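Chain order of the listed sequences is C and P.
The working numbering runs 594 ahead of the 1-based position in the first sequence.
The working numbering runs 95 ahead of the 1-based position in the second sequence.
Heads up, the beta-carbon is just placed ideally off N, CA and C, and yes, glycines get one too.
Given the structure is predicted, the values throughout are model-derived calculations rather than measurements.
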Amino acid sequence: MEPEKFQEVFKRLEAEIRKVIVGHDDVIRQVLIAFFAGGHVLLEGVPGLGKTLLVKSLSHALGISFKRIQFTPDLMPSDIVGTEVLTETNGRREFQFKQGPIFAHVVLADEINRATPKTQSAVLEAMEEKQVTVFGESHALESPFIVLATQNPIELEGTYPLPEAQLDRFFFKLMVAPPSPAELREILKRTTGAETGDSAKVLPDDGGRLIRQMQQLLRQVLIAPPIEDYVVRIVHATQPHLDNGNSSGSPVKHYLRFGASPRGAQAVILGAKGHALADSRVHVSYEDVSRVVYPALRHRIILNFQAEAENVSTDQILAEVIKQVPRA
Amino acid sequence: MSSRPQNQGSPEQRVGRLVARLRNHALWDSLLIFSPPLLVAICIAAYCHHAGWIAPLTLLLLGPTIVGLGFFAVVARYRTLIPARNFAAHLVDEKTDAKDRFLTLSSIQGSPQPAPLVARLRGEAAALLERIDFRREFPYRIKRSFCWSLSGSLLAAALFYFSMPLAESRLRQALPHENIREVAEKMARQPRLLGLADRLQTLAAKLQQTSVQEPEKRTLIHQALEQIENQQKKEKEKESQDLLGEALSALRGLEEQSGRQQKEPAEDGGGIQSGTADEDAGKGQKNQGSDGAKGERSAERGNDPQKGKTARGDSKEQGKEQSSQAEGEKRSEQPDPNKSDKGPGAEVTGKTRGGREEKPGQEKLGRSRAEEPPRDAPPAERFYKPGEQGKGGVKGAGYVTVQLPEEMAVEAKGEGTIGNPAKETKTYPKVPVSNTPLPAHVPDAPAEKQQLPLEYRGIIR
Numbered sequence: 595m596e597p598e599k600f601q602e603v604f605k606r607l608e609a610e611i612r613k614v615i616v617g618h619d620d621v622i623r624q625v626l627i628a629f630f631a632g633g634h635v636l637l638e639g640v641p642g643l644g645k646t647l648l649v650k651s652l653s654h655a656l657g658i659s660f661k662r663i664q665f666t667p668d669l670m671p672s673d674i675v676g677t678e679v680l681t682e683t684n685g686r687r688e689f690q691f692k693q694g695p696i697f698a699h700v701v702l703a704d705e706i707n708r709a710t711p712k713t714q715s716a717v718l719e720a721m722e723e724k725q726v727t728v729f730g731e732s733h734a735l736e737s738p739f740i741v742l743a744t745q746n747p748i749e750l751e752g753t754y755p756l757p758e759a760q761l762d763r764f765f766f767k768l769m770v771a772p773p774s775p776a777e778l779r780e781i782l783k784r785t786t787g788a789e790t791g792d793s794a795k796v797l798p799d800d801g802g803r804l805i806r807q808m809q810q811l812l813r814q815v816l817i818a819p820p821i822e823d824y825v826v827r828i829v830h831a832t833q834p835h836l837d838n839g840n841s842s843g844s845p846v847k848h849y850l851r852f853g854a855s856p857r858g859a860q861a862v863i864l865g866a867k868g869h870a871l872a873d874s875r876v877h878v879s880y881e882d883v884s885r886v887v888y889p890a891l892r893h894r895i896i897l898n899f900q901a902e903a904e905n906v907s908t909d910q911i912l913a914e915v916i917k918q919v920p921r922a
Numbered sequence: 096m097s098s099r100p101q102n103q104g105s106p107e108q109r110v111g112r113l114v115a116r117l118r119n120h121a122l123w124d125s126l127l128i129f130s131p132p133l134l135v136a137i138c139i140a141a142y143c144h145h146a147g148w149i150a151p152l153t154l155l156l157l158g159p160t161i162v163g164l165g166f167f168a169v170v171a172r173y174r175t176l177i178p179a180r181n182f183a184a185h186l187v188d189e190k191t192d193a194k195d196r197f198l199t200l201s202s203i204q205g206s207p208q209p210a211p212l213v214a215r216l217r218g219e220a221a222a223l224l225e226r227i228d229f230r231r232e233f234p235y236r237i238k239r240s241f242c243w244s245l246s247g248s249l250l251a252a253a254l255f256y257f258s259m260p261l262a263e264s265r266l267r268q269a270l271p272h273e274n275i276r277e278v279a280e281k282m283a284r285q286p287r288l289l290g291l292a293d294r295l296q297t298l299a300a301k302l303q304q305t306s307v308q309e310p311e312k313r314t315l316i317h318q319a320l321e322q323i324e325n326q327q328k329k330e331k332e333k334e335s336q337d338l339l340g341e342a343l344s345a346l347r348g349l350e351e352q353s354g355r356q357q358k359e360p361a362e363d364g365g366g367i368q369s370g371t372a373d374e375d376a377g378k379g380q381k382n383q384g385s386d387g388a389k390g391e392r393s394a395e396r397g398n399d400p401q402k403g404k405t406a407r408g409d410s411k412e413q414g415k416e417q418s419s420q421a422e423g424e425k426r427s428e429q430p431d432p433n434k435s436d437k438g439p440g441a442e443v444t445g446k447t448r449g450g451r452e453e454k455p456g457q458e459k460l461g462r463s464r465a466e467e468p469p470r471d472a473p474p475a476e477r478f479y480k481p482g483e484q485g486k487g488g489v490k491g492a493g494y495v496t497v498q499l500p501e502e503m504a505v506e507a508k509g510e511g512t513i514g515n516p517a518k519e520t521k522t523y524p525k526v527p528v529s530n531t532p533l534p535a536h537v538p539d540a541p542a543e544k545q546q547l548p549l550e551y552r553g554i555i556r
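The structure is reproduced here in structure tokens:
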């Protein structure tokens, strides 16, 4: 696939989603980057900011199958992955696998933190292995496959925070911020008038093949060894227990319990590649890395009690890390 | 136009050319940093050779050593400044706002990469390179380090230049016979002064000899001075006058130096102030007593009566006496004022000094020797008896300085009072307590109010 084709499709997708979603340009772009990088996204924001609408618009624009799972405390794993049901065909009774809502290209896991850890973990295998196992039998998920989970930072009573292992499986964690006054006016204009906009389908009917080609191209994007080294140094610098040049008084040592995993470094590189392609370039620059460090690492570094007590965010720690790690 | 060939080639080649250019810059930087100190070092070496401070062979060794050190310094500096290829690519990226295109191109060379993407990236980079000219964008600029090096070197050179006359004069002062020899050589060129020149040469040779004693040297210098002064009176030619003046000043300098050298060891011996009433006790006495404080202290502490007696009026014992004074000085560093080694020695030292270098007018000292009390006499016999003529109470002594603790002195004399304690003012006795005649011995005298230190028991009742 030609880079130009990628950029054309990417820009059209962005434009179509923007028809529905007002503002959140960065979120839209990063969701698309994560999608073409083959990752999953965790969207965090208060209710009513358009998280679900964004995911629906994306799936609509992509023209691929979309399923939504509303996570509740009584949701069972089988409600997600599917189960064997007894069926009778021509007088013969047999168990037949009935697919759950996870069998779709785009899966919206709405308010994922409301389900029990047992149910949450049912999504783990699907996200990582792109397959589910029911009664000892594995069922592959169709590619492309992306889980877009949302969670609400408020109303935390009766919720089950995602375990670190599951958080690590999300490629990006995106923060959906409230709209600005101008954006809010535009939202009102679009949603309270007689006509409501909807995104058009961008990809052709065989969109899945095109998406796979685009995913392949993203991985071919050139990256200079010094930039790879920069990413390694950034990820390494988030480790509070290693001798990585962080002084005892540095924010990393002071506020972090655990640093980013190698998956974090992979996410940074792939995200930077996606960012470069989206920016009509076939090579990664330092700037691309800096742009994707936050969404790729913010949920992979674990704050300690001190940080939570002082209301220090992971983004603040990452900003310090980027400041400390030299580029060359 | 000249940049045309430079604009040819792939972006990677052009980055390579930039690396070569930056290497040249690094070489210049290294050379410029070390050139000023090297030049200054060579100049100093040459100056030293010219001044005759270092031998030609030393210069021959020193020159190549300096150059070699400079060479190694330049190489070492150059090696640290050699730019990496990625660094050069990064510089081009910055200049062309290429978003790390050149860095990517120069660093992915040799690794398997998708050819279409590399070709595309190369095309983009080449298009960006059209915008810049390396000569214009990366000219050689003199670094600040060179300015620091230059100013530092110039400062060092200036310091050397201005400190040389001082050092030279010091050197000349340190070798006076050389100075005289130099003048003698100049004088030898004039036939009229040939004899004088020979004498000066001989003098210089003698001054150099360690076997010649200091008084002899001084005598020789005096003689030479007289001869030169006589000759100067006779001379009419200005050149000869100048030469003789030069010789005179050299000799006078030498004489002064000799005088100083003689004084210094004498001053080191310390001194004694107490003792005789005579003020003109002689030159040696002056030397000894130059330090009043020392003298007083030694008088307080010289406690060996035996030594005092033997030393009295005996110049041969002077050495011993001096050593006892030195000992006294050493002891003075100990803070305890009631040490038992104080006492009669003070009296002794006072007398002893009178005994040395006596002059005809020193009657008192002569008398003191004649009136010396018997060695083993009890302390009472050493005082004048009522009706006898004499001052001070002690036979054969002008006065004895004894430092008493203040309160005791006041109590003993009743003359001094300690003032209002609130004001912390003290009144001291006007007359030295030790100079007052001792009261006659009264057997039924009341007991002492306060226990006196042992050493004062025989003197103060």
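Limits of the alpha helix (DSSP H) - the one that residue i falls within
i, result
"SER874 of chain C", "No alpha helix (DSSP H) holds SER874 of chain C; DSSP gives it neither H nor E."
"VAL162 of chain P", "151 to 176"
"GLY290 of chain P", "289 to 303"
"HIS830 of chain C", "819 to 831"
"ASP124 of chain P", "106 to 145"
"MET670 of chain C", "Premise fails: MET670 of chain C is in no alpha helix (DSSP H) and is neither H nor E."
"VAL213 of chain P", "210 to 224"
"ALA903 of chain C", "899 to 903"
"HIS185 of chain P", "180 to 191"
Burial state of residue i, where buried means 16 or more other Cβ atoms lie within 10 Å
i, result
"LYS783 of chain C", "exposed"
"ILE748 of chain C", "exposed"
"LYS767 of chain C", "buried"
"VAL640 of chain C", "exposed"
"SER240 of chain P", "exposed"
"ASN684 of chain C", "exposed"
"GLN900 of chain C", "exposed"
"ALA818 of chain C", "buried"
"THR908 of chain C", "buried"
"PRO757 of chain C", "exposed"
"GLU324 of chain P", "exposed"
"ILE911 of chain C", "buried"
Cβ shell of residue i (< 7 Å), same chain only, five flanking positions each side left out
i, result
"LEU245 of chain P", "PRO131"
"ARG217 of chain P", "SER105, PRO106, LEU200"
"LYS226 of chain P", "The sequence as given places Arg at residue 226 of chain P; Lys does not occur at that position. THR191, listed in sequence order."
"GLU232 of chain P", "LYS190"
"LEU289 of chain P", "ALA283"
Extent of the continuous beta strand (DSSP E) run through residue i
i, result
"MET808 of chain C", "Per DSSP, MET808 of chain C belongs to no beta strand (DSSP E); it is in the alpha helix (DSSP H), 801 to 814."
"VAL796 of chain C", "Run containing VAL796 of chain C: none; DSSP gives neither H nor E here."
"ARG851 of chain C", "850 to 852"
"ILE658 of chain C", "Taken as a continuous stretch (DSSP letters only), ILE658 of chain C belongs to no beta strand (DSSP E), as it is neither H nor E."
"ALA631 of chain C", "Here ALA631 of chain C belongs to no beta strand (DSSP E); instead the alpha helix (DSSP H) covers 619 to 631."
"ALA703 of chain C", "700 to 704"
"HIS733 of chain C", "731 to 734"
Chain P contact residues for residue i, given Cβ-Cβ distances below 9 Å
i, result
"LEU816 of chain C", "THR199, LEU200, ILE203, GLN208, PRO209, LEU212, VAL213, LEU216"
"ARG806 of chain C", "Going along chain P, no residue has its Cβ under 9 Å from ARG806 of chain C, so there is no contact; the nearest lies around 17 Å."
Chain P residues whose Cβ lies nearer than 7 Å to that of residue i
i, result
"TYR880 of chain C", "ASP195"
Neighbour list for residue i in chain C, Cβ cutoff strictly below 7 Å
i, result
"ASN181 of chain P", "PRO820"
Per-residue contacts from residue i into chain C (C-beta, under 9 Å)
i, result
"HIS185 of chain P", "PRO820, ARG921, ALA922"
Nonlocal neighbours in the same chain, by C-beta distance under 6 Å from residue i, ignoring five residues either side
i, result
"ALA146 of chain P", "none"
"CYS143 of chain P", "ILE149"
"ALA794 of chain C", "GLU610"
Chain-order list of residues whose beta-carbon lies under 8 Å from that of residue i (same chain, five-residue window excluded)
i, result
"ARG806 of chain C", "SER737, PRO738"
"VAL919 of chain C", "TYR824, ARG827, ILE828, ALA831"
"ALA703 of chain C", "ILE663, PHE665, VAL717, VAL741, LEU742, ALA743, THR744"
- Task: Pull out every residue of the stretch 596 to 615 of chain C whose Cβ sits closer than 9 Å to any Cβ of chain P, in chain order.
- Result: GLU596, PRO597
- Query: What residues in the stretch 863 to 878 of chain C have a beta carbon less than 8 Å from any beta carbon of chain P?
  - Reply: ARG875, VAL876, HIS877, VAL878
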